[in-house]
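Chains as they are written, first to last, in the numbering used here: chain A, 664 to 1211; chain B, 10 to 249; chain C, 4 to 178.
Beta carbons are placed, not taken as given, at the ideal position from N, Cα and C, and that holds for glycine.
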């Protein structure tokens, strides 16, 4: 494959393009509502209407408004059909020729769509994820070509630093700095790993990216591998995402057939292969050292850092670990320039962020907005607010490691620092909206139970501490606790946060701490009078009253 | 090897490059409490008792796995560390059934000794009273899971020193358990060499020699140290 | 290792291999291991395949894997029990997975789970006495946009309710 071949594929695709395209969302959400049947019937209806030469029925990735699926969009008519059934197919095809469709429609220019700024999701819902030609037509693999032929690995790292991209897995570590460290680490063998173990409950951005645009992740990984000097990559993906795994397998196979993975990519001396490793249901494997243990076929327990993976990672070699969304940003950065990317977002948080909007909100689905967009715009304008006349009470970000942001802080701009100040984190991008019917103590208990179940058991503060914190939250929720128990809970939160081995334990108290910070009254309303009187000096040293 | 100078608890010391903070402190006569650490076997940094404060690092780091660096300023004692250590011990006591009065290791138990030295007077958390079984199927040794603190010392000596890989951890979180082969009775194990290193390594009464009285129940740590030094450093040092 | 113990392993493995020679699935599993060059770091991939072929991971199967990959049985067992996805017990004819991710939870997934638990007198992770139904939970299947989601025999169903879940399961159990 040389550059000319890439352009030839694109031109051939464009030449064969039909006048009208019916795009059917085939991502996991719509698939669960018979999207496959809808597509089959559309193909049949097009054939019956004799429109095969004019109309293409294309299976595409996520079209973002998941709650209204299955979605079908007609181009260039710009009609967006929602909750489509197989029975609607003939009338949707008839509508292309002036008939009337009997399927419900929604406005494709509504705030939910209009306020999006797509980089990572630019191809999502547009290209056919099962055809590499479709990605190439959307200028795919051009960035890789340019990087391999016109830039040194050092240039690539420098451009990444200039772009200001920060890790989208949650912590927000500067990507360019990470690449530079791995590039400088001595070692004959280096690895690139894509963390696709999207374990935060309520987050499904990475699933969508892998299902909808797998090649952008492969291209991003290849560019990263060239920059750091790696020749082998792994994608660690959750077993819970069968469609994403299948699309990745197809994408890797096609990329290899076209010489875009393997030996001598684009007839350069650069070699790079990618293997898929499938997780097996362990949240802690999203932690980088645990993930690497799992890729090595071991129990996914984390180990102390340093040494960091950039120095000693997979099989003891320098390893670059980034998450799906981070890699998916990479091709666009090199195609459009680091300056272009750095011009989007805020001073310290560049680019866009994809959020999975779910919970008690009218429009659930995927949104991508520039960093710094106020939470209110996301939740009220794009999300449409709480359904059924409810009011929004809080927005949970960052999953079990994050916190709940109360409605009075909805004007907070979404960036790493602002969310951190509120005791939450950006996290991977799950955003769960809670309305006034939500009990915040229950939410804290829910997340603590999650962390207790997902603790690997290696270090004591997390293994035994989460059990005791859950026990205390249980007591509070069941109106069996006193102010002394609440004090004990807060003390444990502080200890587990500061002494746990890995991120899971260190952040496990966050949902409890943040709900305590903003909704303390809900906790206090459940407390019972203390038989020993209020907790005062020396109270901690008194023997505990037998509770059973 | 280059030497590094650093300060531990206000005392200036030098240590070899590559040494851990724990090694440097021990050499300088500063005692840092440890539980999962076992001399000669690789460290896992799991018990978190040896956590120390290092100036300029926001996180507390375990002394057993943190390497020394030039100019490091380390605090091994102090209000916060003491409190955390005590709480960790309380959590351990509440996690399984540690009743010293009826334990074979009473008086020779590292968990008990640590609780005394760290000033843990009582446990403020609810005991969970789990029902973990006792495995007495082996002809020489027994294992009482109720007294296990999951420090994985036995697992590490079995893999690293003996090389048999008989013991491992199964399950996860609070449901973790030390197993023998395919979670089978110890007595049925095909891979166990009956070397007894796991019993020597155990800090509590979880692993014990059968048929010994409490008074005899010392975990022969000298013998383990002898083997470890011989295997690792090729030095045969008789115990004094 | 004592002589008698040696004999014990040998004879157990002999029985497994004899059994394996008549079972095509062991052949397929071995081909899969060969594809991974019997590499020890492929253990999780191999266990996935084993579970796909056999439905669950019984002791003899784990011993077979440990022997082929030259790993101690304790390591294989330790890995198999660390990950939720691996089942060490046989599953019922049908499986129902209730997603308990945050989005599903705030939309009432706990009520669906409780409804099933009460009606069929089983807890999550268990199988009914008649072996018709295994009830499982998931930590998030990433279908938050259509929450609450329930997976019946591998098919994701959107916007489930306690009523719709019981209706689906009743159909299975009635058969």
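Which partner residues of residue 925/A appear in the DSSP bridge assignment?
Residue 925/A pairs with 935/A.
Do you know how far the Cα of residue 137/C is from the Cα of residue 124/C?
12 angstroms
Proximal residues of chain C, C-beta to C-beta of residue 179/B below 7 angstroms:
80, 81 and 84
What residues from chain A crowd round residue 160/C, counting only those whose CB sits closer than 7 angstroms?
Within 7 angstroms of the CB of residue 160/C, the CB atoms of chain A belong to 695, in sequence order along the chain.
Taking residue 746/A as the reference, which of 671/A, 1035/A and 695/A has the closest Cα?
Per the Cα distances, 695/A.
Does the region 848-859 of chain A come close enough to the region 800-816 of chain A that 3 or more CB-CB pairs lie under 8 angstroms?
no
For residue 896/A, does the count of other Cβ atoms within 10 angstroms reach 16, so buried, or fall short, so exposed?
buried
Comparing the C-beta of residue 148/B with each C-beta of chain A, is any distance below 9 angstroms?
no
Chain C partners of residue 963/A, CB-CB under 8 angstroms?
85 and 86
How about residue 28/B: is its C-beta nearer than 9 angstroms to some C-beta of chain A?
no
Determine the direct distance from the alpha carbon of residue 87/C to that of residue 230/B, and round the result to whole angstroms.
37 angstroms
Please name the residue or residues paired with residue 992/A in a DSSP beta bridge.
Note: residue 992/A sits in no beta bridge, so no partner.
Does DSSP put residue 235/B in a helix, in a strand, or in coil?
Residue 235/B: helix per DSSP, three-state reduction.
Host beta strand (DSSP E) of residue 1069/A (start-end):
1066-1069
Name the residue from 1008/A, 1138/A and 1090/A whose alpha carbon lies nearest to the alpha carbon of residue 1215/A.
The question about residue 1215/A has no answer here: the residues shown for chain A are numbered 664 through 1211.
Residue 978/A: buried (16+ other C-beta within 10 angstroms of its C-beta) or exposed?
exposed
Neighbourhood of residue 1120/A by C-beta distance below 6 angstroms, restricted to the same chain and skipping five residues each side:
1126
Option nearest residue 257/B by Cα separation, candidates 79/B, 235/B and 188/B
It is not possible to answer for residue 257/B, since the shown part of chain B is limited to 10 through 249.
If you compare alpha carbons, which of 11/B, 192/B, 165/B and 172/B is closest to residue 47/B?
165/B
By Cβ distance below 8 angstroms, which residues in the same chain neighbour residue 905/A in space, the five residues on each side in sequence not counted?
If we look at residue 905/A and ignore the five residues flanking it on each side, it has no Cβ neighbours.
Element boundaries [alpha helix (DSSP H), containing residue 1154/A]
1146-1162
Can we say the region 1012-1028 of chain A touches the region 823-830 of chain A, given the rule of at least three CB pairs closer than 8 angstroms?
yes
Decide yes or no for the touch test of the region 69-86 of chain B against the region 97-112 of chain B: beta carbon pairs closer than 8 angstroms, at least 3 of them.
Under the three-pair Cβ rule at 8 angstroms, the region 69-86 of chain B does not count as touching the region 97-112 of chain B.
Comparing alpha-carbon positions, which option in 776/A, 708/A and 865/A lies nearest residue 741/A?
Of the candidates 776/A, 708/A and 865/A, the one whose C-alpha sits nearest the C-alpha of residue 741/A is 776/A.
Could you pull out every residue in the same chain whose Cβ sits closer than 6 angstroms to the Cβ of residue 608/A, ignoring the five residues on either side in sequence?
No information on residue 608/A is available, as it lies outside the stretch 664 to 1211 that chain A covers here.
Extent of the continuous alpha helix (DSSP H) to which residue 869/A belongs:
868-875
Does the CB of residue 216/B have a neighbour CB from chain C at under 9 angstroms?
With 9 angstroms as the cut-off, residue 216/B does not count as an interface residue toward chain C.
Can you list, in chain order, the residues of the region 98-110 of chain B whose Cβ is nearer than 8 angstroms to any Cβ on chain A?
100, 101, 103 and 104
Judging by CA-CA distance, which residue of 714/A, 893/A, 1044/A and 870/A is the nearest neighbour of residue 849/A?
893/A
Looking at C-beta atoms only, is the number of pairs between the region 873-889 of chain A and the region 70-79 of chain C that lie closer than 8 angstroms three or more?
no
Compare the C-beta of residue 1201/A against all C-beta atoms of chain B and say whether one is closer than 9 angstroms.
The predicted model places residue 1201/A with a pLDDT of 43, which falls under 50 and marks its position as unreliable, so this point remains unresolved.
Identity of the residue in 141/C, 24/C, 48/C and 54/C nearest residue 107/C by Cα
141/C
If you draw a straight line from the C-alpha of residue 1133/A to the C-alpha of residue 1086/A, how long is it?
Cα to Cα, the separation comes out at about 20 angstroms.
Per-residue contacts from residue 156/C into chain A (C-beta, under 8 angstroms):
The premise fails here: residue 156/C is roughly 13 angstroms from chain A at the closest Cβ pair, so nothing lies under 8 angstroms.
Quick check: the region 962-981 of chain A against the region 793-804 of chain A, are at least 3 beta-carbon pairs closer than 8 angstroms?
With the cut-off at 8 angstroms, the region 793-804 of chain A and the region 962-981 of chain A do not touch.
Buried versus exposed, by CB contacts within 10 Å (16 or more), residue 111/B
Its Cβ having fewer than 16 others within 10 Å, residue 111/B is exposed.
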